[in-house]
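Working notes, structure below.
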Amino acid sequence: MRKDFFTILEALCKLKISISLNTNGTLITKELAKRLAHYPIKVYTVSLDGSSAEVQEPFRGKGSFDKNIAGIENLREEKCNVLISTIVTRFNYKDVENIVLLARKLGAGQVRFNDVVYVGNAVCYHQSLLMSIKEKFELLEKFRELRNRFGSFITGSILQIVDIMEEIKAKPKEKFPLQIYSCGAATKKCAIRPDGWVVPCEIVWDTKAGNIRERSLSDIWHNSPVFEAFRQTLEIKEEEISECKGCEYLRLCYKGHRCQPYYYPGRRFEHKELYCWREDVAAVS
């Protein structure tokens, strides 16, 4: 943990902003949780990628699970609002129900299940993380069941995929130009890299909007052309993705997450096998 963490936190508390903390929980001792509880942190988002050491540790490292759970328990002892966040991969997709039950047991406010966004290290290991389309459909069916049982306690992009699949059944055709609306990036949040570069969010890590060593954060937030672009509706014309013409799964590839079309619309980019539902579904049909 940064030695100046609490200096930064105290500075943030003086601003009229909502503060949340993302952590893997492994460093949150009882003493640290007690100290954190004195600050107006709205939610503590704690990563948890399995309901047991056997599931999580091949992915997160030996010893991570017990430290993870202890951190969550320490936060809950101080009545901190905990959101458990799980990235669903081939490693843990069969464990999602157990993760929900564990989150309930630990007293979390919600548990969020997100799909993998293939940036950063995930690009290097995408073949080992990626579920087959058969596994993906099995997962979506499981989440339909879990939502019926647990309601709003579960959230995340996996449930957005479930919703989009239902939309496809009701209205299979998509009209052009495709309109992808803005998300939290550059509208509700941004991220500051260790080297001072400000980016729209932690996912689009290489999309530089300005450097706080040269400009104020306020100036970058209000005047950056990059941020302004992220706040606009993104339109994709039919001729830009001619290979996707007529595909009933366009909503899944382009509307589930703003960063998907930003990084790799259709099959035009290096890891093109990641987002073509039409061909994958046909292969298993």
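Take 0 as the starting number for the sequence shown in numbering that gives the first Met the number 0 and just add one per residue.
C-beta atoms are modelled at their ideal positions from N, C-alpha and C, and glycine is treated no differently.
Bounding residues of the beta strand (DSSP E) (the contiguous stretch that carries residue i)
i	result
W196	196-198
Y43	40-46
S19	18-22
L233	233-235
Spatially closest choice to residue i from the options, by CA coordinates
i	options	result
E77	K29, E201, K168	K29
R250	N91, I18, Y180	Y180
S131	F152, I211, Y92	Y92
L82	D114, K66, I40, C12	I40
I71	T85, R89, Y43, F90	Y43
L35	I16, L47, L8	L8
R89	S50, I16, K104, E134	E134
D65	L105, M0, E165	L105
E227	K244, T206, E247, D94	T206
L317	G60, H37, N23, I27	Because residue 317 is not part of the residues shown, which for the chain are 0 to 284, the question remains open.
I27	A69, S50, C12	A69
E140	L158, S127, F149	L158
L138	V87, I240, L11	V87
F112	R59, R103, V95, L74	V95
L14	L216, Y248, N97, S241	L216
I167	I98, V116, E247, A190	E247
T232	Q178, R103, R192	Q178
N97	N80, F149, V116	F149
Start and end residues, alpha helix (DSSP H) containing residue i
i	result
I7	4-12
V110	Where V110 is concerned, there is no enclosing alpha helix (DSSP H), although the beta strand (DSSP E) it sits in stretches over 109-113.
I219	216-222
S63	63-76
L249	249-253
I132	132-149
L82	From DSSP, L82 is part of no alpha helix (DSSP H) but of the beta strand (DSSP E) over 81-86.
R89	From DSSP, R89 is part of no alpha helix (DSSP H); its letter is neither H nor E.
R59	52-59
I240	Run containing I240: none; DSSP gives neither H nor E here.
L31	29-35
K372	With the chain represented from 0 up to 284, any question about residue 372 goes unanswered, as that position is not in the structure.
Residue i versus residue j - alpha carbon distance
i	j	result
I285	Q109	Residue 285 lies beyond the residue range present for the chain, which begins at 0 and ends at 284; the question has no answer from this structure.
Y263	K33	Caution is warranted here: a pLDDT of 46 is assigned to Y263, below 50, making its placement in the model unreliable, and the coordinate value is therefore given only provisionally. Approximately 43 Å, taken between the alpha carbons.
I219	A52	43 Å
L100	Q55	15 Å
K170	G62	47 Å
V197	F5	21 Å
M0	W276	41 Å
K236	F175	6 Å
V45	R214	32 Å
H270	L129	In this prediction, H270 has a pLDDT of 43, which is less than 50 and means its spatial position is unreliable; what the coordinates show is noted afterwards. So the two alpha carbons sit approximately 11 Å from each other.
S241	C12	49 Å
I16	R59	32 Å
K244	R103	44 Å
With contact counted as at least three CB pairs below 8 Å, one residue from each stretch, are the segment 139-156 and the segment 210-217 in contact? No: fewer than three Cβ pairs fall under 8 Å.
Any 3 or more C-beta pairs closer than 8 Å across the segment 222-242 and the segment 179-194: Flag = yes, the segment 222-242 and the segment 179-194 touch.
Counting only runs of 4+ residues fully inside the segment 155-213, write out the alpha helix (DSSP H) ranges in chain order. 156-169, all fully within the segment 155-213.
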